[in-house]
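Quick note: the sequence shown uses full-length UniProt numbering, first residue 1, plus one each step.
All C-beta atoms in this analysis are idealised placements derived from N, C-alpha and C, irrespective of residue type, glycine included.
What follows is a short report on a single structure.
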Amino acid sequence: MPHNTLHMVCNSHIDPVWLWDWEEGAAVTLATFRTAADLCEEFGNLIFCHNEAILYKYVEEYEPALFKRIRRLVRAKQWHIMGGWYLQPDCNMPSGESFVRQILLGKRYFREKFGVDVTTAMNFDPFGHSRGLVQILAKSGYDSYIYCRPGWSDGAAPAPIFDWVGFDGSEIRAVLATAHYNSPPGGAAARTAQWIQTQSYQAHHLQDVPPASPSGGALQRVSLLLWGVGNHGGGPSRRDLGDLAMLIRRSTATKVDHSTPEAFFKDHRRAYPSVPRHDGDLNPWAVGCYTSMIRVKQKHRELENTLYMTEKMAAAASLQKLTEYPRSALREAGCDLAVSEFHDALPGTSIQSVEDATLRILDHGLEILSRVKARAFFALAAGQRRAREGEYPILIYNHHPYRTECVVECELQPNWPHGTDRFLQPALFRKGREIPVQAEKERANINEDHRKRIVFRAVLEPSQMNRFDVRLNLIRRKPAAALKARQGKIRFRSDDMEVVINTRTGFIDRYRVKGVDLVKPNAGRFLVMKDNADPWGMTTRSFRKKAGSFKLLSKAAGTRFSGIAGPALPSVRVIEDGPVRSVVEAIYGYRDSTICQQYKLPKQGTEIELETRVYWNEKDRMLKLSIPTTLRDAVYQGQTAYGTADLPANGDEAVAQKWTAVVSRADNFCLTCINDSTYGSDMARGELRLSLLRSPAHAAHPTGGRRPITKPDRHTTRMDQGERHFRFWLNGGKVAGRLKRIDREALVLNERPMALNFFPAGGGKQPKAGVVLSDQVVQLGVFKYAESNDDLIIRLFEPTGRSRSTTVSIPATGAKRVVELSAFEIKTLRFNRRTRRFVEVNLLEEPVGGASQ
1 MPHNTLHMVC NSHIDPVWLW DWEEGAAVTL ATFRTAADLC EEFGNLIFCH
51 NEAILYKYVE EYEPALFKRI RRLVRAKQWH IMGGWYLQPD CNMPSGESFV
101 RQILLGKRYF REKFGVDVTT AMNFDPFGHS RGLVQILAKS GYDSYIYCRP
151 GWSDGAAPAP IFDWVGFDGS EIRAVLATAH YNSPPGGAAA RTAQWIQTQS
201 YQAHHLQDVP PASPSGGALQ RVSLLLWGVG NHGGGPSRRD LGDLAMLIRR
251 STATKVDHST PEAFFKDHRR AYPSVPRHDG DLNPWAVGCY TSMIRVKQKH
301 RELENTLYMT EKMAAAASLQ KLTEYPRSAL REAGCDLAVS EFHDALPGTS
351 IQSVEDATLR ILDHGLEILS RVKARAFFAL AAGQRRAREG EYPILIYNHH
401 PYRTECVVEC ELQPNWPHGT DRFLQPALFR KGREIPVQAE KERANINEDH
451 RKRIVFRAVL EPSQMNRFDV RLNLIRRKPA AALKARQGKI RFRSDDMEVV
501 INTRTGFIDR YRVKGVDLVK PNAGRFLVMK DNADPWGMTT RSFRKKAGSF
551 KLLSKAAGTR FSGIAGPALP SVRVIEDGPV RSVVEAIYGY RDSTICQQYK
601 LPKQGTEIEL ETRVYWNEKD RMLKLSIPTT LRDAVYQGQT AYGTADLPAN
651 GDEAVAQKWT AVVSRADNFC LTCINDSTYG SDMARGELRL SLLRSPAHAA
701 HPTGGRRPIT KPDRHTTRMD QGERHFRFWL NGGKVAGRLK RIDREALVLN
751 ERPMALNFFP AGGGKQPKAG VVLSDQVVQL GVFKYAESND DLIIRLFEPT
801 GRSRSTTVSI PATGAKRVVE LSAFEIKTLR FNRRTRRFVE VNLLEEPVGG
851 ASQ
């Protein structure tokens, strides 16, 4: 009797897009699935395994007869639905909620169309995997995971098979497919034979020695081998199946079966009840893809933010019968988001036409949501009184379930003729109380006092419409800036902080918070790093070799670049100054590239904003923004999918989401940096370097040094040439306080409350708040309608790693619920408006622990 078992999982990896456009991906899917169906019907023991709902949707739409054949084969257990996700996304950069939606969209599709559930998740091709996935998978009905990158030589995992532990203590069993997911055409049997021959070596060198068999003697090895032609489809061939049938008959020491991932894990758990444990990310691999193709990353973040914000607004409006809940529109935008996260789209490793198509898809989702959001906003403005004479209402809907303080920027159109040399000075009121406000340059460029851009710091009540009223007073001229350069410095002071900008360099020489200096001189430098044409960054773990840096432009050069038709201006200048904030602008250059940096310095609080506009024309270079801190023995942390990750502090490139933090326990101080679309960074010796841009070629793959990365006889298009825009927010403070607040601050800056100058009709009744949380920390990840009915889904997350509780209130219904959360726990509640009951559900919106409505 054989003592080893080899589970052969036949598949065909198909990238919907990569070196081809989606139409070709759809064509390859049809051909591959048709061939697989033919062979399943011919070879009765073959089980073809395939994942990704988007591919099945192609078949359903474009070849319905084939779809029916596949459904029959699934019922006959010859075709196995694998993975269960919408597609294989990048597994580092999407938010935790985006991963939930990948699974929710996929699993609902496969249940509806095939009546099956999936318990083994798989992401063969993505370039690393966030530890945050573990809890998401466990709470979505998965118990196991298959991946291929990082490989064994990258050292990311303790063994090829291990129990992966999430931030909250959740566990799933994971396997690294060390032989990868492909086999060459006609080479499946040879690959399998080689695998069998090397099992003994792998058992003793790649993982713990397997346990004794139940009979008490011989060792048993349970292993998994993926086979089938892939990357551009193909799957099994008749020759492969014939050769494998002969190998299966001749194999005596190893039982070889056509199988499924679920069968492998069931068998493996029985043979290996205990395996090594891993409580970290599965990173890094291809660190350049954290930055390549930045426009896709920026637009993806925008669609993420807009979708989850719009859901909250639409749920609040529909809950109070102000509008119908736009379920189909939100689902369509959610599918657009899911498609954009594909692992060769979001990481920027595809051809240029795929980049263009991904941007088009993202814009499609944003256009849908813009209409849904406007409908919800105007509905939620019900009950607001009409404006008085000379009054310009600014309405702000705060969809966050807690009181929010933020800087609001909103434009309005004055209601009288323009052209005068005088200036309309705004005054702002809330419930009769005057609030500091200033007028800044509007987005238009008419050189008259034509439009008004109103800037003010607002405290917004949770989950409701907030109203402010503007009055415009005609004065002789716009007030002059009080902040000026003196002796080569612009010194900004408030009650809470001091910032010094050097007018000879344009960089920050001091950022002092509560009497503590946080940065060294020349903070804010733009460094140009050596790089190459590879968009993945396959051959490196860091970008630390400096090629040069941006320098402040001369008066003449800076004036010429700025398009100023007049006397030359200093390249560091104060452009706005008022009771709310001061804005300093600096202009830099490097070879063929230029940067306009704006420092926005608030009169209240300690958070400074850096708004960076880059005009980039470099090749094979990376642009980094350097913030050297004074912090001693600093560690580096960052936001990941529903968690906080410890990031490398040795200069290796790291990936994080909305924020990172340089943390010094020795000083009990930290510097946090929130971004609006930047995923790559590094930190070493207390210096934070944010990765802004790379300029590799589209889909240029290294060849191991055998030949140049790109063809040397012609022009090669490069990524991200031209104008790009970034925003960062720096803040400092005591470690416990900063890390307690950072998640909510990052969410507010990414999901900005909607502000609009709107003159309400004055009728109706003001809506109540949608959902409110009582504590200062817990995040509201989701407030939306359930996928299956009109129950409300409320998803909470504890972001600091400490157990805590919060009270969830839905004022429109009078319902409340105290919720206890453990460290980093995701907890989802389903609220039935008829019974006014809360039920805890999993991420598929199904009751947990036997609970029922």
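Per DSSP, the continuous beta strand (DSSP E) segment holding cysteine 670 begins and ends at 669-675.
For a cut-off of 8 Å, the C-beta gap from glutamate 618 to serine 695 is around 5 Å, short enough to register as a contact. Runs of the beta strand (DSSP E) lying entirely within the region 79-136 and spanning at least 3 residues, in chain order: 79-81 and 120-123. The DSSP-derived three-state label of glutamine 597 is strand. Every beta strand (DSSP E) stretch that sits fully inside the region 479-548 and reaches 3 residues is listed by chain position as 489-493, 497-502, 508-513 and 525-530. The beta carbon of alanine 382 sits closer than 7 Å to the beta carbons of Leu322, Gly764, Lys765, Gln766 and Pro767 from its chain, once the five residues preceding and following it are set aside; these are given in chain order.
Bridge pairing for cysteine 10: Phe48 and Trp227 [DSSP]. Counting along the chain, asparagine 305 sits inside the alpha helix (DSSP H) bounded by residues 294-319. With respect to serine 582, leucine 569 sits apart: the two C-beta atoms are not nearer than 8 Å. In the structure shown, histidine 180 falls within a coil segment according to DSSP collapsed to helix, strand and coil. Residue environment: lysine 68 is assigned as exposed (fewer than 16 neighbouring CB atoms within 10 Å of its CB, all protein chains considered). Close CB contacts of proline 760 within its chain, under the 6 Å cut and outside five residues either way in sequence, are with Ala381 and Gln384 (chain order). In the DSSP secondary-structure assignment, cysteine 335 is not bridged to any residue.
As computed with DSSP, histidine 725 is found in a beta bridge with Arg613. Excluding five sequence positions before and after phenylalanine 456, the CB atoms of its chain that fall closer than 7 Å to its own CB belong to Val408, Leu428, Ile435, Pro436, Val437 and Val580, given in chain order.
Around the C-beta of aspartate 421, fewer than 16 other C-beta atoms lie within 10 Å, and the residue is accordingly described as exposed.
Annotation: the continuous alpha helix (DSSP H) that includes aspartate 356 extends over 352-380.
For glycine 25, the enclosing alpha helix (DSSP H) has its first and last residue at 22-42. Pairing leucine 412 with alanine 387, the inter-Cα distance amounts to about 14 Å. Under the three-state reduction of DSSP output, isoleucine 54 falls in the helix class.
With a cutoff of 8 Å on beta-carbon distance, arginine 525 and serine 549 are scored as near each other. Taking all protein chains shown into account, tryptophan 416 has fewer than 16 neighbouring C-beta atoms within 10 Å of its C-beta and is therefore exposed. In terms of Cβ geometry, isoleucine 103 and tyrosine 145 do not form a close pair [threshold 8 Å]. With respect to the C-alpha of threonine 828, the residue from Thr835, Ala157, Val839 and Val818 having the closest C-alpha is Val839. Contact check between the region 114-129 and the region 254-265: three or more CB pairs, one atom from each, fall below 8 Å, which counts as touching. Counting only runs that start and end inside the region 766-822, the beta strand (DSSP E) elements of at least 3 residues fall at 779-785, 792-797, 804-810 and 815-821.
Taking 8 Å as the cut-off, the beta carbon of valine 771 is found no closer than this to the beta carbon of phenylalanine 669. If you compare the alpha carbons of Arg453, Tyr290 and Tyr392 with that of glutamate 653, the shortest gap goes to Tyr290. For the pair glutamate 751 and threonine 306, the Cα-to-Cα distance works out to about 7 Å. Assignment of aspartate 743 by DSSP, reduced to helix, strand and coil, places it in the helix class. Per the C-alpha coordinates, the member of Asp15, Asn675 and Ser805 positioned closest to histidine 232 is Asp15. Sequence-distant Cβ neighbours of alanine 666 in its own chain, meaning closer than 6 Å and more than five residues away, are Arg632 and Asp633.
Residues of the same chain with a CB within less than 6 Å of the CB of lysine 530, apart from the 5 flanking positions on each side, are Lys545 and Ala547 in chain order. With a cut-off of 8 Å on Cβ pairs, the region 361-374 is not in contact with the region 27-46, counting fewer than three such pairs. The shortest CA-to-CA distance from proline 628 to any of Phe423, Asn4, Leu690 and Gln352 is the one to Leu690. Ranking Arg830, Leu133, Thr349 and Arg327 by CA distance to the CA of leucine 19 puts Thr349 first.
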